[in-house]
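Engineer: Protein chains in written order, with the numbering used here: chain A, 552 to 731; chain B, 7 to 220.
A virtual CB, placed ideally from N, CA and C, is assigned to each residue, including glycine.
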């Protein structure tokens with residue numbers, strides 16, 4: 552129940568940031584979110600800045616270049632972007648996403664399984680990159696890079712199709728599906 | 007192409023959620039009908055596949071490389087409904103877990119890249135495969151990404167018209183269509199090559215694994 556209340560508050564926060572266009576209100580809300588983040592303040596700020604910097608900088612720089620320095624617009628948009636992104640990361644830290652979607656068993660399984668598979672695949676990809684790096688002294692040429700790309704796609708496609716069958720059988724054997 | 011939160015107005019993301027919800031309900035029903043109890047594991051693992059594919063740099067002739075999303079590949083192999091649902095799961099996880107995209111832009115990304123991109127790839131391949139299969143696959147991937155990029159540019163470009171203050175100053179994304187369309191489309195003319203290559207390579211690998219031919 553608590554997860555659902557937090558979810559509702561998060562949606563209200565999104566609406567506040569997008570329906571109202573008041574910089575002072577945003578700053579107040581962000582200050583409140585900072586307080587709520589407690590010890591996780593710095594990691595969440597870092598993650599937020601990492602996530603928004605490129606897109607926001609390009610938009611801001613282009614806007615200044617085309618329209619001149621309109622501090623009100625630049626502050627409004629950047630504070631809003633920062634606020635929503637910070638709030639999203641804080642929400643993810645504070646809420647068990649899997650519990651939030653527990654109202655639908657299928658949805659919960661999809662999120663849990665996808666997330667765990669993504670983490671596994673990410674690790675494999677890192678290993679593949681290290682493997683290529685450790686085996687090449689000079690920058691790989693086009694054919695080497697193309698072969699590397701082809702093998703990776705083949706590995707992940709084969710793994711995905713095999714795992715899909717394995718997980719299905721594992722779920723079946725554990726009684727996740729009831730026969731009609 | 008992922009738009010972060012804060013650049014799209016409620017006039018955009020609320021209707022996008024309504025449209026996406028309808029498509030998700032229909033798409034999942036369609037998938038369940040075809041895959042039955044295989045839906046959950048298949049969807050989850052293909053979402054992970056699509057996610058990891060988007061992290062791989064596709065080598066492009068000329069010494070460069072670009073990121074692909076897998077729109078064309080998923081669509082030509084599994085159909086556009088599956089591609090849409092799989093990519094929706096990916097975009098959701100990217101937005102909430104990995105900070106790529108946003109929760110207000112998630113339905114827009116899902117509908118544009120997952121559905122519009124998927125349907126484009128699917129029909130481009132259907133229409134052209136009799137002429138030349140490899141060319142059809144390449145163009146399916148290329149066009150899927152390019153059309154998605156075009157609609158993304160349109161969604162961004164209409165923000166100043168639909169969300170502005172009394173003085174006419176923008177409240178969300180500031181640039182109109184005359185800027186967003188070329189700014190988004192031109193780089194994607196190049197990035198689309200990576201998507202096209204991935205579709206051709208992925209399709210051939212899929213056939214080799216499952217049909218025993220190349």
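Under three-state DSSP, which class holds residue 567/A?
Structural biologist: Residue mapping note: residue 567/A aligns to position 16 of the first chain, counting from 1. Helix at residue 567/A.
Engineer: At a CB distance below 7 angstroms, what residues from the segment 39-58 of chain B approach chain A? Give them in sequence order.
Structural biologist: Of all residues in the segment 39-58 of chain B, 43, 44, 46, 47, 48, 49, 50, 51, 52, 53, 54, 55, 57, 58 have a Cβ within less than 7 angstroms of some Cβ in chain A.
Engineer: Within 10 angstroms of the Cβ of residue 76/B, are there 16 or more other Cβ atoms? Answer buried if so, exposed if not.
Structural biologist: On the second chain, position 70 is the one that residue 76/B refers to. With 16 or more other Cβ atoms within 10 Å, it is buried.
Engineer: For residue 691/A, does the three-state DSSP call read helix, strand or coil?
Structural biologist: Reading the first chain from its first residue, position 140 is the one you call residue 691/A. In the structure shown, residue 691/A sits in coil (DSSP, three-state: anything other than H, G, I, E or B).
Engineer: With DSSP as the reference, label residue 73/B as helix, strand or coil.
Structural biologist: In the second chain, residue 73/B corresponds to position 67, counting from 1. Of the three classes helix, strand and coil, the one that applies to residue 73/B here is strand, per DSSP.
Engineer: Hey, how far is the Cα of residue 657/A from the Cα of residue 554/A?
Structural biologist: As a working mapping, residue 657/A is identified with position 106 in the first chain. As a working mapping, residue 554/A is identified with position 3 in the first chain. About 18 angstroms.
Engineer: Would you mind listing the alpha helix (DSSP H) stretches within the segment 585-663 of chain A that are 4+ residues and don't spill past its ends, in chain order?
Structural biologist: Runs of the alpha helix (DSSP H) inside the segment 585-663 of chain A: 592-618, 622-645, 648-651.
Engineer: Would you mind sorting residue 148/B into buried or exposed? The rule is 16 or more other CB atoms within 10 Å of its CB.
Structural biologist: The residue given as residue 148/B occupies position 142 in the second chain. By the 10 Å Cβ count, residue 148/B comes out buried.
Engineer: Identify, in the order they occur along the chain, each residue of the same chain with its Cβ nearer than 6 angstroms to the Cβ of residue 144/B, setting aside the five sequence neighbours on each side.
Structural biologist: Within the second chain, the letter at position 138 stands for residue 144/B. Within the same chain, residue 144/B has close Cβ partners 202, 206.
Engineer: Tell me the DSSP secondary structure of residue 176/B in three-state form.
Structural biologist: Taking the first residue of the second chain as 1, we reach residue 176/B at position 170. Strand, per DSSP.
Engineer: So, helix, strand or coil for residue 552/A, using DSSP?
Structural biologist: Working through the first chain from its first residue, we reach residue 552/A at position 1. Correct three-state label for residue 552/A: coil.
Engineer: Tell me whether residue 30/B is buried or exposed, calling it buried when 16 or more other Cβ atoms sit within 10 Å of its Cβ.
Structural biologist: Within the second chain, numbered from 1, the residue matching residue 30/B stands at position 24. Buried.
Engineer: Let me know if residue 634/A comes out buried or exposed under the rule of 16 or more other beta-carbons within 10 Å of its beta-carbon.
Structural biologist: Numbered from its first residue, the first chain carries residue 634/A at position 83. Residue 634/A comes out buried.
Engineer: Distance, Cα to Cα, residue 125/B vs residue 96/B?
Structural biologist: The residue given as residue 125/B occupies position 119 in the second chain. The residue given as residue 96/B occupies position 90 in the second chain. Looking at the two C-alpha atoms, the distance is approximately 18 angstroms.
Engineer: Enumerate in chain order the residues of its own chain whose CB-to-CB distance from residue 578/A is below 7 angstroms, with the five nearest sequence positions on each side excluded.
Structural biologist: Numbered from 1 along the first chain, position 27 holds the residue referred to as residue 578/A. Same-chain partners within the cutoff: 630.
Engineer: Okay, do the segment 20-39 of chain B and the segment 686-703 of chain A touch, 3+ Cβ pairs below 8 angstroms being the bar?
Structural biologist: No, because fewer than three Cβ pairs between the segment 20-39 of chain B and the segment 686-703 of chain A fall closer than 8 angstroms, the two stretches do not touch.
Engineer: For residue 99/B, go through chain A and note every residue whose CB falls closer than 8 angstroms to its CB, in chain order.
Structural biologist: Looking up residue 99/B in the second chain gives position 93. In chain order: 662, 665, 666, 669.
Engineer: If we count the other Cβ atoms within 10 Å of its Cβ and call it buried at 16 or more, is residue 719/A buried or exposed?
Structural biologist: In the first chain, counting from the first residue as 1, residue 719/A sits at position 168. Residue 719/A is buried by the Cβ-count criterion.
Engineer: Is DSSP giving residue 170/B helix, strand or coil here?
Structural biologist: The residue you call residue 170/B lines up with position 164 of the second chain. Here residue 170/B sits in strand by DSSP.
Engineer: Take the Cβ of residue 716/A as the centre, count every other Cβ of all protein chains shown within 10 Å, and call the residue buried at 16 or more, exposed below.
Structural biologist: Locating residue 716/A in the first chain gives position 165, where the first residue counts as 1. Per the 10 Å Cβ criterion, exposed.
Engineer: Any Cβ of chain B within less than 7 angstroms of the Cβ of residue 705/A?
Structural biologist: Numbered from 1 along the first chain, position 154 holds the residue referred to as residue 705/A. Interface residue, yes.
Engineer: According to DSSP, is residue 211/B part of a helix, a strand, or is it coil?
Structural biologist: Position 205 of the second chain, counted from the first residue, corresponds to residue 211/B. Of the three classes helix, strand and coil, the one that applies to residue 211/B here is helix, per DSSP.
Engineer: Give the straight-line distance between the Cα atoms of residue 216/B and residue 82/B, rounded to the nearest whole angstrom.
Structural biologist: As a working note, residue 216/B is residue 210 in the second chain. As a working note, residue 82/B is residue 76 in the second chain. C-alpha separation (whole angstroms): 15 angstroms.
Engineer: Shorter than 7 angstroms from the beta carbon of residue 95/B to some beta carbon of chain A?
Structural biologist: Taking the first residue of the second chain as 1, we reach residue 95/B at position 89. Taking Cβ atoms only, chain A reaches closer than 7 angstroms to residue 95/B, which makes this a yes.
Engineer: Return the residue from the list 195/B, 92/B, 105/B that minimises the CA-CA distance to residue 595/A.
Structural biologist: Position 44 of the first chain holds residue 595/A. Nearest of 195/B, 92/B, 105/B to residue 595/A, Cα basis: 105/B.
Engineer: Does the beta carbon of residue 639/A sit closer than 7 angstroms to a beta carbon anywhere in chain B?
Structural biologist: Residue mapping note: residue 639/A aligns to position 88 of the first chain, counting from 1. Yes - at least one Cβ of chain B is within 7 angstroms of the one on residue 639/A.
Engineer: Using only CA atoms, which one of 62/B, 51/B, 118/B, 21/B lies nearest to residue 697/A?
Structural biologist: For the purposes of this step, residue 697/A is taken as residue 146 along the first chain, with counting starting at 1. Per the Cα distances, 62/B.
Engineer: Would you kindly work out how many angstroms separate the C-alpha atoms of residue 58/B and residue 100/B, rounded to a whole number?
Structural biologist: As a position in the second chain, residue 58/B is number 52, starting the count at 1. As a position in the second chain, residue 100/B is number 94, starting the count at 1. For residue 58/B and residue 100/B, the distance between alpha carbons rounds to 11 angstroms.
Engineer: When you compare the CB of residue 686/A with every CB in chain B, is at least one pair closer than 7 angstroms?
Structural biologist: Taking the first chain and counting its residues from 1, one reaches residue 686/A at position 135. No, residue 686/A lies away from the interface with chain B (no Cβ there is under 7 angstroms from its Cβ).
Engineer: With a floor of 3 residues, list each beta strand (DSSP E) that falls wholly inside the segment 706-731 of chain A, ordered by position along the chain.
Structural biologist: Runs of the beta strand (DSSP E) inside the segment 706-731 of chain A: none found.
Engineer: Report the neighbours of residue 636/A on chain B: residues whose CB is nearer than 8 angstroms to its CB, in chain order.
Structural biologist: For this step, residue 636/A is matched to residue 85 along the first chain. 10, 11, 12, 105, 108, listed in chain order.
Engineer: Please confirm whether residue 217/B has its beta-carbon closer than 7 angstroms to some beta-carbon of chain A.
Structural biologist: Position 211 of the second chain, counting from 1, holds the residue named residue 217/B. Chain A contact via Cβ: absent.
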